[in-house]
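Worksheet for the structure shown next.
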């Protein structure tokens, strides 16, 4: 799909330019230049003509171009004294019509393009979008992708990532900060998840050559496919373009759960045009043709909504619950139960009253529980003190040592009489209270 990957850069640029227009940047950015009314007039009209000639939906193209002209005639851009401010103002007006519109002042410098001959050198520095691949507690696979790079440069990395998680019992794909990229990589990744029978996973109409380009899952992928196991995809407001395409197809084919917040809503494809030698504009000259593939201006809604920043932890709890339904290995079951208790305590800490906190204090020989600034602290000799994370039933976890659990025992009067420390491998030590 020609130039679709450029959307990620345009998405970031659009946000930057809107922030500039809202006053998030200085009035005169570094190396910014003044702009004359004559130059504003010329560039505005050139952009309107570019939209009319290239935007994929002809009827909408004329409507957007005319709306831009009306804004210009009304003096909307007259307060833009510099070229950065002007680009930001144009982006702010165009953006509601299409999430990919972005006007940038380049100062005559070339903007890196996913189709440049040396783009693979740029993409390699981010591991072709595969930022993290690991196996989490309970045998949950985790892949964090920040972009969808073209398979011609990133296929080996994608295959390696899927091979790394092939033996996991559930898979989490984290796209919360993925601005998009190439749908060919979307196609490849979906092929691992949707099975060998070809499935339609999107299509775009390209106005330039009156062409329909369709995407189907591949009949062959290197290594094992990831089938018949739970899949969770994380997304949110910073998830855009091809990353949204991936999430929407997961939803369309009912292959997994989408967790997080509604995505950005940049659902068309396009390329960069130059209204002058100092400005660039990204225009969507391709768009989806099936109603079930449309998400521009809408975004992709999650199956389960979470607060931003809690996507992974909430999803881990869901994945562990699903794995426990069929788990047989006692070691895996123990690991999941332990991790669930610890993570639940972290994300939903048990509120303790001042009385509860005072009741937990005590001297257990060479170990103590003390109260500092309203926080319960575990201490042992000269070792670094550890914040205690409270769980139900007088259970606590150490903030920096997830493999250790503390349980407090009480007598009939409610006084703490003993501290029991349990390690995840089953080792147990008991420490009677000394200061009763």
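Numbering (my numbering), first residue to last: 1 to 436.
Cβ coordinates follow ideal geometry from the N, Cα and C atoms, glycine included.
Keep in mind the model is a prediction, meaning the values are calculated, not measured.
Exercise. To the nearest whole angstrom, what separates the beta carbons of residue 460 and residue 361, a pair I think is in contact under 8 Å?
Worked result: The requested residue 460 does not occur in the structure, where the chain is confined to residues 1 to 436.
Problem set entry | Classification of residue 443 by the beta-carbon crowding that lies within 10 angstroms, buried from 16 upward | The shown model of the chain, from 1 to 436, leaves out residue 443, and the question about it has no answer.
For this session: Determine, using beta-carbon pairs with one atom in the segment 300-319 and one in the segment 234-243, whether at least three such pairs fall under 8 Å.
Result: yes
Exercise. Cα separation between residue 342 and residue 263?
Worked result: The residue you call residue 342 lines up with position 342 of the chain shown. The residue you call residue 263 lines up with position 263 of the chain shown. Rounded to the nearest angstrom, the two C-alpha atoms are 30 Å apart.
Exercise. Cα separation between residue 339 and residue 151?
Worked result: For the purposes of this step, residue 339 is taken as the residue at position 339 of the chain shown. For the purposes of this step, residue 151 is taken as the residue at position 151 of the chain shown. One C-alpha to the other measures close to 36 Å.
For this session: Could you check the C-alpha separation between residue 337 and residue 290 for me, to the nearest Å?
Result: Counting from one through the chain shown, the residue named residue 337 turns up at place 337. Counting from one through the chain shown, the residue named residue 290 turns up at place 290. If I take the Cα positions, the gap works out to 44 Å.
Problem set entry | Interface flag, residue 359 vs chain B, CB-CB below 8 Å | The structure shown has no chain B; it contains just one protein chain.
Problem set entry | Beta-carbon proximity of residue 61 to residue 51, cut-off 8 Å | Here residue 61 corresponds to residue number 61 of the chain shown, with the count starting at 1. Here residue 51 corresponds to residue number 51 of the chain shown, with the count starting at 1. Their beta carbons are under 8 Å apart, which means residue 61 touches residue 51 by this criterion.
For this session: Could you spell out where the beta strand (DSSP E) holding residue 163 opens and where it closes?
Result: Here residue 163 refers to the residue found at position 163 of the chain shown. That residue, residue 163, is in no beta strand (DSSP E); its alpha helix (DSSP H) goes 151-164.
Exercise. Roughly how many whole angstroms lie between the Cα atoms of residue 420 and residue 354?
Worked result: For this step, residue 420 is matched to residue 420 along the chain shown. For this step, residue 354 is matched to residue 354 along the chain shown. Answer to the nearest angstrom: the Cα atoms are 22 Å apart.
For this session: Kindly list the residues whose CB is nearer than 7 Å to the CB of residue 136, restricted to its own chain and excluding five residues on each side of it in sequence; keep chain order.
Result: Counting from one through the chain shown, the residue named residue 136 turns up at place 136. Counting only Cβ-Cβ distances below 7 Å, and skipping sequence neighbours, we find 142, 316.
For this session: Specify the secondary structure class of residue 406 as computed by DSSP and reduced to three states.
Result: Residue mapping note: residue 406 aligns to position 406 of the chain shown, counting from 1. Strand.
Exercise. If you check the beta carbons only, do residue 102 and residue 246 fall under 8 Å apart?
Worked result: The residue labelled residue 102 in the question sits at position 102 within the chain shown. The residue labelled residue 246 in the question sits at position 246 within the chain shown. Against a cut-off of 8 Å, the Cβ pair of residue 246 and residue 102 comes out as no contact.
For this session: List the whole-angstrom C-beta distance separating residue 285 from residue 207, where the pair is believed to meet the contact cut-off of C-beta under 8 Å.
Result: The sequence position of residue 285 within the chain shown is 285, counting from 1. The sequence position of residue 207 within the chain shown is 207, counting from 1. Yes, residue 285 and residue 207 are in contact; Cβ-Cβ is about 5 Å, under 8 Å.
Exercise. What is the DSSP secondary structure of residue 315, counted as helix, strand or coil?
Worked result: The count along the chain shown starts at 1 and reaches residue 315 at position 315. Correct three-state label for residue 315: helix.
Exercise. Taking buried to mean at least 16 other C-beta atoms within 10 Å of its own C-beta, is residue 144 buried or exposed?
Worked result: Locating residue 144 in the chain shown gives position 144, counting from the first residue. So residue 144 counts as buried.
Exercise. Using the beta-carbon count (16 or more within 10 Å), is residue 176 buried or exposed?
Worked result: Working through the chain shown from its first residue, we reach residue 176 at position 176. The residue in question, residue 176, is buried, as its Cβ has 16 or more Cβ neighbours within 10 Å.
Exercise. Alpha carbon to alpha carbon, how far is residue 296 from residue 399?
Worked result: The count along the chain shown starts at 1 and reaches residue 296 at position 296. The count along the chain shown starts at 1 and reaches residue 399 at position 399. Whole-angstrom Cα-Cα distance: 42 Å.
Exercise. What are the start and end residues of the alpha helix (DSSP H) that includes residue 91?
Worked result: If you number the chain shown from 1, residue 91 lands on position 91. Counting along the chain, the alpha helix (DSSP H) containing residue 91 begins and ends at 83-94.
For this session: Mark residue 432 as exposed unless 16 or more other C-beta atoms lie within 10 angstroms of its C-beta, in which case mark it buried.
Result: In the chain shown, the residue the question calls residue 432 occupies position 432. When all chains shown are included, residue 432 counts as exposed.
Exercise. At a cut of 8 Å, does the segment 169-183 reach the segment 310-328 through at least three beta carbon pairs?
Worked result: yes
Exercise. Quick one, are the C-beta atoms of residue 223 and residue 159 less than 8 Å apart?
Worked result: Stepping through the chain shown from its first residue, residue 223 is reached at position 223. Stepping through the chain shown from its first residue, residue 159 is reached at position 159. Against a cut-off of 8 Å, the Cβ pair of residue 159 and residue 223 comes out as a contact.
Exercise. With DSSP run on the structure shown, which of helix, strand or coil describes residue 378?
Worked result: Along the chain shown, one-based indexing puts residue 378 at 378. Of the three classes helix, strand and coil, the one that applies to residue 378 here is strand, per DSSP.
For this session: Tell whether a beta-carbon distance below 8 Å holds between residue 230 and residue 217.
Result: Reading the chain shown from its first residue, position 230 is the one you call residue 230. Reading the chain shown from its first residue, position 217 is the one you call residue 217. No; because the gap between Cβ atoms is not below 8 Å, this pair is not in contact.
Problem set entry | Counted within 10 angstroms of its Cβ, other Cβ atoms place residue 251 as buried (16 or more) or exposed | Here residue 251 refers to the residue found at position 251 when the chain shown is read from its first residue. Burial call: buried.
Problem set entry | Three-state secondary structure (DSSP) of residue 280 | Counting from 1 along the chain shown, the entry for residue 280 is found at position 280. Strand.
For this session: With DSSP as the reference, label residue 411 as helix, strand or coil.
Result: Position 411 of the chain shown, counted from the start, is the residue given in the question as residue 411. Coil.
Problem set entry | Rounded separation between residue 365 and residue 385 - CA only | In the chain shown, counting from the first residue as 1, residue 365 sits at position 365. In the chain shown, counting from the first residue as 1, residue 385 sits at position 385. Near 16 Å, if we compare the C-alpha coordinates of residue 385 and residue 365.
Problem set entry | Residues that DSSP places opposite residue 287 in a beta bridge | Within the chain shown, the letter at position 287 stands for residue 287. Looking at the DSSP assignment, residue 287 forms a beta bridge with 205.
Exercise. For the alpha helix (DSSP H) that residue 360 lies in, which residues bound it at each end?
Worked result: In the chain shown, the residue the question calls residue 360 occupies position 360. Counting along the chain, the alpha helix (DSSP H) containing residue 360 begins and ends at 354-360.
For this session: Name, in chain order, the residues that DSSP records as bridge partners for residue 98.
Result: For the purposes of this step, residue 98 is taken as the residue at position 98 of the chain shown. Residue 98 is not bridged to any residue.
Exercise. With distances taken between CB atoms, is the gap from residue 129 to residue 149 smaller than 8 Å?
Worked result: Against the chain shown, residue 129 aligns to sequence position 129. Against the chain shown, residue 149 aligns to sequence position 149. It is a contact, given that the beta carbons lie within the stated cut-off.
Exercise. So, residue 269 versus residue 240, is the Cβ gap smaller than 8 Å?
Worked result: Translated into the one-based positions of the chain shown, residue 269 becomes position 269. Translated into the one-based positions of the chain shown, residue 240 becomes position 240. Going by C-beta atoms, residue 269 is not nearer than 8 Å to residue 240.
For this session: From the DSSP output, in three-state form, read off residue 42 for me.
Result: In the chain shown, the residue the question calls residue 42 occupies position 42. Here residue 42 sits in helix by DSSP.
Exercise. For residue 351, which of 389, 367, 330, 379 has the nearest alpha-carbon?
Worked result: To locate residue 351, count along the chain shown from 1; it is residue 351. The candidate whose alpha carbon is nearest that of residue 351 is 389.
Exercise. Can the beta-carbon of residue 324 be found less than 8 Å from the beta-carbon of residue 232?
Worked result: Numbered from 1 along the chain shown, position 324 holds the residue referred to as residue 324. Numbered from 1 along the chain shown, position 232 holds the residue referred to as residue 232. Not a contact, by the Cβ cut-off of 8 Å.
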